[in-house]
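Asks:
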Amino acid sequence: MSQKKVQKEEEKPSAGPLRKHRSRAEKIDDLKKQISELRKAEREERQRARDEKLIILAKAVYEKVGKPKDIDALIEFVKSEDFKIEYK
Numbered sequence: 001m002s003q004k005k006v007q008k009e010e011e012k013p014s015a016g017p018l019r020k021h022r023s024r025a026e027k028i029d030d031l032k033k034q035i036s037e038l039r040k041a042e043r044e045e046r047q048r049a050r051d052e053k054l055i056i057l058a059k060a061v062y063e064k065v066g067k068p069k070d071i072d073a074l075i076e077f078v079k080s081e082d083f084k085i086e087y088k
């Protein structure tokens with residue numbers, strides 16, 4: 001390479017020119033990304049709420065059975081007719 005070409009390449013900014021205004025397409029893309037992130041956060045929040053409800057329900061069943069040592073006893077109790085849960 002010639003020295004002029006090397007010198008010109010060194011003078012060029014690597015990041016490109018800074019623009020004050022974004023294009024309409026860029027703004028739309030940013031809004032779509034924000035909407036996507038909000039929807040994802042809402043899904044995660046709903047899943048967390050479902051998980052918490054299931055944990056509470058499982059604890060109630062476990063306590064009602066009398067804290068069995070094996071899972072088979074718990075399964076048999078849930079299948080039996082004695083198993084009833086009262087919602088408050």
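Here UniProt numbering is used: position 80 in the sequence shown is 80, and no number is missing along the way. Ideal Cβ positions, reconstructed from N, Cα and C, are used throughout, including at glycine.
1. Near Leu54, which residues of its chain fall below 6 Å by C-beta distance, leaving aside the five closest residues on each side in sequence?
2. Are the CB atoms of Val65 and Leu74 nearer to each other than 8 Å?
3. Can you name the start and end residues of the alpha helix (DSSP H) that Asp30 belongs to?
Replies: If we stick to the structure as given:
1. Here residue 54 refers to the residue found at position 54 when the sequence shown is read from its first residue. Nothing listed; no residue qualifies.
2. Here the question's residue 65 lines up with position 65 in the sequence shown. Here the question's residue 74 lines up with position 74 in the sequence shown. Yes, the Cβ-Cβ distance between Val65 and Leu74 is below 8 Å.
3. For the purposes of this step, residue 30 is taken as residue 30 along the sequence shown, with counting starting at 1. According to the DSSP assignment, Asp30 belongs to the alpha helix (DSSP H) that extends over 24-65.
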